[in-house]
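Asks: In terms of the working numbering, the sequence shown opens at residue 55 and continues consecutively.
Got a structure for you, questions after.
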Amino acid sequence: MSEILMPRLSDTMEEGVVSSWHKKPGDKVSAGDALVDIETDKALMEYEAYEDGVLGEILVAEGGSATIGTPIAVLVTDGSAPAAAPAEAPAQAPAANGTPVRTEPAAPAAEVPAARNGRSRPPSSPLARRIARENGVDLTTLTGSGPGGRIIRADVEAATLQTAVLSTQAVVPPAPPSAPPAATAPAEAARPQDADTEQVPLSRIRKVTARRLAESMRTAPHFYLTRVVDVEELLAFRATLNTALAPAKVSVNDLIVKACATALRANPVLNVSFTEEALLVHKRVHIGVAVALEEGLVVPVIRDADRKSVSQLGAETRELAGRAREQRLTPQEMSGGTFTVSNLGMFGVDAFTAVINPPEAAILAVGATRKDVVFRDGEVIPRDRMTLTLSIDHRACDGATGAAFLGQLTDLLENPFRIVA
C-alpha cells in the first residue's frame, strides 16, 4: 500500500486543488494511467500514476485542496492488503463475560469503496471539468460534442447558460412569503454590507501574481531607464516581412522580442539573476512574454529566443499565449526565463513601468506606437515612435549596464535589418 501525495507541479506551487479524479476507489490503476487533474497556481494539469495497483481510498475529494507532499489518496499495490480492511478490525465490542471476542477479517471490504460513486464519468477535457466544477454542472448529464463524444468547454458553458435561464425563470413566480430572513446572521456577518460592492474571491493565479510581484518590489531595488525609439523603419520592415512570409505574419512584438534576445546575447551582464550568494550569469537567452488573463498574469517562456527566427518566435508566442488563456501551460513552459517583455502598446498605453519578474534582473515595458513631430536635418517631419522603459534590479546591474543594453536595443529597432542579420 502506498500513499499518493500532492505533487509539486510548478516552481511557485505551494498547494494544489483536486479538480477531478479519473479513477474511483476500487478501480485498477496501471502506471501511466491518468489518475487525477490537479489545479496549480497557474494551470490545470493531469497527473499520472507511477505504479500499478488498485485505488484504495480517496483522501482529498474533488474541489478540495492540499499542500505539496500531503497524501491525497491511497493506492493498494500488488501483494498488499486492501486498504479498507484493517480499519474495520477494532470495531468489535467485548463479550458480555469479558472474554475477548476473536474478530473475523473484514473480508471483501475492498468492494465497499467502489460503490461510493456508481456513476461513470464521460470523457471530458480538463478545462471543461474545471468550468463544470466551478458552475456546479454535472458532467454525467451532458452529451459531448467533441471528438468521440468528449465533453468540451462549449458544452459546459451551454449547460451553464441553460441552467441560469431556467433558474431565472424559476425565480419569477411569487417569492415564498415565509422565509425568516435573518435567521442565519453569523454567516452574513462576514459579507460586506455595502450593496454597491461585490466580493470576488481571488483566483489562484492572481494570488501568486500578487505574492511574487509584491516580493519583487519589496526585495529588488528597481530603477528605470527610458528611451523613445523611432520605429518608422521597423514598421516598414515588418510590412515587407509579412508580404514575404504570407500567409504567416509577424508582429511588432515579435520583432521586439527578437531584438531583446539579440541585445542580451551581446550584453550578457543583463542576462543574469541575483542570489544572496552569487550572481547567476545565464548562458542561454530565454525570453518571457507577459500574457494578461482575467485570472491574473502568466509569463510563458520562449527558450533560446536569440537562436530562433522572427517567424518562429511569432508562431511560438501565439501558440503559448493561446494555451495560456486556456490555462494549459506546463510548469516548464512558465519557468526558466532570463528576461521578460511586457507590451501594453496594443491597449493604447503610451508608456509604463513594469515590475521585475523574479528571479530575473530586468523587464522591458513597451508602449504604443504613436505619430510624433520631430526635428530632423533642419526639418519638422512626422515619425512613428515608441517609448521603451527598462526596469532593472539594482542589486544585479548598474545604470551604465542597463543604458548600454537599452542603447543597443534602440539601435536594432531603428535599423531592423540588423535584427535578422
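We put the beta carbon where it would ideally sit given N, CA and C, even for glycine.
Please read these numbers as outputs of a predicted model, since none were measured by experiment.
Tell me which residues share the same chain as L309 and place their Cβ nearer than 7 Å to its Cβ, disregarding the 5 neighbours each side in the sequence.
Replies: Same-chain partners within the cutoff: L288, R292, V364, P470 and I473.
Asks: Could you pull out every residue in the same chain whose Cβ sits closer than 7 Å to the Cβ of C314, ignoring the five residues on either side in sequence?
Replies: I341, F393, V395, L418 and L463
Asks: Check whether the Cβ atoms of G110 and M55 lie closer than 9 Å to each other.
Replies: yes
Asks: Enumerate in chain order the residues of its own chain whose CB-to-CB distance from A375 is below 8 Å, with the five nearest sequence positions on each side excluded.
Replies: V343, V345 and P354
Asks: Give the DSSP bridge partners of V254, in chain order.
Replies: DSSP, once it has assigned bridges, lists no residue as partnering V254.
Asks: Starting from P436, follow its DSSP beta bridges and name the residues at the other end.
Replies: When beta bridges are read from the DSSP output, P436 appears opposite V427.
Asks: In chain order, what residues of the same chain lie with their CB nearer than 7 Å to the CB of P412, ignoring the 5 residues before and after it?
Replies: R266, E269, S270 and A274
Asks: Taking only runs that begin and end inside the stretch 266-332, name each unbroken beta strand (DSSP E) of 3 or more residues, in chain order.
Replies: 276-284 and 326-328
Asks: Assuming L295 and V304 form a contact by the criterion Cβ under 8 Å, report the distance between their Cβ atoms to the nearest whole angstrom.
Replies: 6 Å
Asks: Using the C-alpha atoms, what's the distance from L383 back to R377?
Replies: 6 Å
Asks: When the Cα atoms are used, what is the spatial distance from V339 to L324?
Replies: 10 Å
Asks: Could you give the first and the last residue of the continuous alpha helix (DSSP H) run that contains L463?
Replies: Unbroken alpha helix (DSSP H) run through L463: G453 to E468.
Asks: State the DSSP-derived secondary structure class of P125, mapped to helix, strand or coil.
Replies: strand
Asks: Distance, Cα to Cα, G391 vs D87?
Replies: The alpha-carbon of G391 is positioned some 31 Å away from that of D87.
Asks: Just list the residues that DSSP pairs T394 with in beta bridges.
Replies: G342 and I417
Asks: Quick one: grab the DSSP three-state call for K27.
Replies: Residue coverage of the chain in this structure runs from 55 to 475, which leaves residue 27 outside it and unanswerable.
Asks: Counting Cβ pairs, one atom from each stretch, are 3 or more of them under 8 Å apart for the stretch 438-446 and the stretch 253-265?
Replies: As far as the Cβ criterion goes, the stretch 438-446 does not touch the stretch 253-265, which means the pair count is below three.
Asks: Tell me the residue span of the beta strand (DSSP E) that contains V71.
Replies: Start and end: E69 to W75.
Asks: List the DSSP bridge partners of G107.
Replies: V83
Asks: Should G350 and K261 be called a contact, given that it needs their Cβ atoms to be closer than 9 Å?
Replies: yes
Asks: Rounding to the nearest angstrom, what Cα-Cα distance links G107 and K77 in this structure?
Replies: 12 Å
Asks: Put L444 into one of helix, strand or coil per three-state DSSP.
Replies: Here L444 sits in strand by DSSP.
Asks: Tell me whether P255 is buried or exposed, calling it buried when 16 or more other Cβ atoms sit within 10 Å of its Cβ.
Replies: exposed
Asks: Since V326 contacts A457 with CB under 8 Å, what's their CB separation in whole angstroms?
Replies: That pair is no contact at about 16 Å.
Asks: Using three-state DSSP, classify A213 as helix, strand or coil.
Replies: Correct three-state label for A213: helix.
Asks: Look at the alpha carbon of V130 and the alpha carbon of K82, and state the distance between them as a whole number of angstroms.
Replies: Their backbone Cα atoms lie some 9 Å apart in a straight line.
Asks: Opposite I205 in the DSSP bridges: which residues?
Replies: S178
Asks: Which residues does DSSP pair with G376 in a beta bridge?
Replies: Note: G376 sits in no beta bridge, so no partner.
Asks: Just confirm the distance between the C-beta atoms of V52 and G123, as a whole number of angstroms; I'd bet it's less than 8 Å.
Replies: The requested residue 52 does not occur in the structure, where the chain is confined to residues 55 to 475.
Asks: For I112, which residues from the same chain have a beta carbon less than 7 Å from its beta carbon, with the 5 sequence-adjacent residues on both sides left out?
Replies: W75, P79 and A127
Asks: Confirm, please, whether the CB-CB distance from A85 to E102 is below 9 Å.
Replies: yes
Asks: Since K312 and L398 are thought to touch, with beta carbons under 8 Å apart, how far apart are those beta carbons, to the nearest angstrom?
Replies: Actually they do not touch by this definition, with Cβ atoms about 19 Å apart.
Asks: By DSSP, does D91 sit in helix, in strand, or in coil?
Replies: Assignment of D91 by DSSP, reduced to helix, strand and coil, places it in the strand class.
Asks: Among D91, R379, V282 and A249, whose alpha-carbon lies nearest the alpha-carbon of L533?
Replies: Outside the shown range of the chain, which is 55 to 475, sits residue 533, and nothing can be said about it.
Asks: From A359, R379 and A332, pick the residue whose C-alpha is nearest to that of E348; which is it?
Replies: Put simply, of A359, R379 and A332 the residue whose alpha carbon is nearest the alpha carbon of E348 is R379.
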